[in-house]
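Residue numbers (the working numbering): 624 to 1249.
Note that beta-carbon positions come from the ideal geometry of N, C-alpha and C, so glycine has one too.
On a predicted model such as this, the values are computed, not experimentally measured, just so you know.
To start, the structure under review is shown below, and the notes come after it.
Structure follows, in structure tokens:
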């Protein structure tokens, strides 16, 4: 095999291929990546799958809609000729209004001329190269993108297959993107693997660290070696498939999908808001024997992984907590395992770069009981998170408060009889629902007080005063989960109620009135789930002062996190599918806290069984919010 790039030659043993760059090869990728294809499942029957696609208003100007479409060569055996279908091909593109379109089987000289003229009239520019094989066209909106670089590549085996790539500068965001479009052979898996390696090489040698979008008809089914090859592209960003691998894209003119052949991949420095197979016909007539596929991309909500190997654990008995105990505006890490270090809480101060340094192994407030729960929240109002200790079998179920000294140590403050509980079914929450800068105590037991949430105001000295037994948003079901976070942005933590068996799995938002009571705001249809294994988180990842909703379930959407930005009124936009730190393991734990002090909640990922390359099992990965 010959590989030609900038007049350099490389030898291999299968055939020949070449790569041409018109304006010059961009810099090589500088670091290796691990690639996995973790695709969006558009066909799972569940309350989540039917939700409407809504785009966060702040992302609309950044969203890039991409389409990949095999438009089918003219063939006398087809139900309609290409001349009959040309207006349908144009119509389906017009109807979906993509910003970037990759066409395969873009052939026949008269059709190329006609299509280019029509697309120009619609405001598109084009990059395509006519050589051996059929051209692979990349159309892009001329009022948004300018082409900075481009190239072509081809492989000569049983038949010639080729592709094109372009670097496009987005005038809306001043970001550049690497776009690749190719069509792989039908001859054999082994020849497709050669084409996959060529595309892999083109991306690695020319993308130069830019966000990557790879389009094409690969004639390859999910799970085949050639798909594994393209998934294992290396460079500064790993690639992810934006469609679930079971989504059929080829229908052979009868409208019944029978195989997935068409693909859209992206690097993980992108996120996407939606992806779909467009199964549109016009009066019973199909534009092609393939359905076009589409994905809408936005910049990633989180950056790349920062490895944290201090205070790590591979034990299921370990508990992590994150709170700013030092008062420097960066959230610190607290480690506790009842079977380790005599049950002490170990504090690691945030360095602001995704790493933590050991501060203290607390000798006060220790516990070797698995029934103990710790909480860390600023109940005194001095800007430092204090430690709260509770065990239903100890000290009459009182919550015991230890004031933070700011150096990772804590001093004994008070044993609270207010809101005490000796019931193992009781749940405590410590959040500022009154808006005075001090974390209040909220107590809930499904078996007590008719399932009311009971609010106790912090007095700032480690004691609490009863405020209200909430009659709204009550629950007597052990399946209910409550969350307290400021989703409205008024400085007071609101109440969020979720039960997978109630209200179609909607998250119900109750706005804080500041006096320990809450008023119903909304029953969210976006991001609902009727599955008990779903995990919700509420944290401000966008940095606008309002807690956003984060959704994760390991066995849906291939373990992707979905982010729903808060609108401030109890409703949420989205979803945005994040490609950072995805996991399909039940052993994964996520936390969302501002560990670098920029007022945006970062993503912390811990899997006790996982060991990143060169690191020990239980290492944490931290992803800064963008």
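Query                                                                                                                                                       : Result
In whole angstroms, give me the CA-to-CA distance for residue 719 and residue 955.                                                                          : 46 Å
Considering only their Cβ atoms, is the gap separating residue 729 from residue 757 smaller than 8 Å?                                                       : yes
Report yes or no: do the stretch 957 to 976 and the stretch 1225 to 1243 share at least 3 C-beta pairs separated by less than 8 Å?                          : no
Within 10 Å of its beta-carbon, does residue 816 have 16 or more other beta-carbons around it, so buried, or fewer, so exposed?                             : buried
Check whether the stretch 1110 to 1120 and the stretch 1028 to 1040 touch, using three or more Cβ-Cβ pairs below 8 Å as the test.                           : no
Skipping 5 residues on each side, what residues in its chain have a beta carbon closer than 7 Å to that of residue 935?                                     : 1239, 1241, 1242 and 1243
Is DSSP giving residue 966 helix, strand or coil here?                                                                                                      : helix
How would you write the range of the beta strand (DSSP E) that residue 1144 sits in, first residue to last?                                                 : 1141 to 1147
Which partner residues does residue 1064 have in the DSSP bridge list?                                                                                      : 1053 and 1079
For the beta strand (DSSP E) holding residue 572, just list the boundary residues, first then last.                                                         : A query on residue 572 cannot be resolved here, the shown segment of the chain reaching from 624 to 1249 and no further.
Where does residue 1222 fall in DSSP's three states?                                                                                                        : coil
Hey, out of 1194, 1193, 962 and 1203, whose CA is closest to residue 1185's CA?                                                                             : 1203
What three-state label does DSSP hand residue 979 in the structure shown?                                                                                   : strand
Do residue 873 and residue 833 have their beta-carbon atoms positioned less than 8 Å apart in this structure?                                               : no
Quick one: grab the DSSP three-state call for residue 823.                                                                                                  : helix
Mapping the DSSP letters down to three states, classify residue 815 as helix, strand or coil.                                                               : helix
Which residues bound the beta strand (DSSP E) around residue 1181?                                                                                          : Run containing residue 1181: none; DSSP gives neither H nor E here.
So, residue 1079 versus residue 1041, is the Cβ gap smaller than 8 Å?                                                                                       : yes
Cutting at 6 Å between CB atoms, please list the residues of its own chain near residue 995, excluding the five before and the five after it.               : 1014
For residue 748, tell me which candidate among 736, 765, 1011 and 1190 has the shortest Cα-Cα distance.                                                     : 765
Pull up the distance between the alpha-carbon of residue 647 and that of residue 835, whole angstroms please.                                               : With a pLDDT of 38 at residue 647, under the threshold of 50, the modelled position of this residue cannot be trusted; read the value that follows with caution. Rounded to the nearest angstrom, the two C-alpha atoms are 18 Å apart.
Take residue 857 as the anchor and find which of 1097, 825 and 789 has the nearest alpha-carbon.                                                            : 825
Roughly how many angstroms lie between the CA atoms of residue 1232 and residue 1209, to the nearest whole one?                                             : 11 Å
Helix, strand or coil for residue 708, going by three-state DSSP, please let me know.                                                                       : helix
Is residue 890 closer than 8 Å to residue 851 when the C-beta atoms are compared?                                                                           : no
Can you tell me the Cβ-Cβ gap for residue 886 and residue 829, rounded? I've got them flagged as a contact below 8 Å.                                       : About 19 Å separates the two Cβ atoms, so there is no contact after all.
Using alpha carbons as the reference points, say which of 876, 952, 783 and 864 lies closest to residue 700.                                                : 876
Secondary structure at residue 1230, three-state DSSP: helix, strand or coil?                                                                               : strand
Going by DSSP in three states, residue 851 sits in which element: helix, strand or coil?                                                                    : helix
Residues bridged to residue 1039 by DSSP?                                                                                                                   : 1022
Measuring only the C-alpha atoms, how far is residue 705 from residue 902?                                                                                  : 19 Å
Return the Cβ separation of residue 895 and residue 1200 in integer angstroms, given the expectation that the two are a contact with Cβ distance under 8 Å. : 5 Å
Would residue 810 be called buried (16 or more neighbouring beta carbons within 10 Å of its own) or exposed?                                                : exposed
Compare the Cα-Cα distances from residue 1103 to each of 1088, 819, 1152 and 742 and report the closest residue.                                            : 1152
Tell me whether residue 732 sits in a helix, a strand or coil according to DSSP, three-state version.                                                       : helix
Going by DSSP, what residue range makes up the beta strand (DSSP E) through residue 1113?                                                                   : That residue, residue 1113, is in no beta strand (DSSP E); it is neither H nor E in DSSP.
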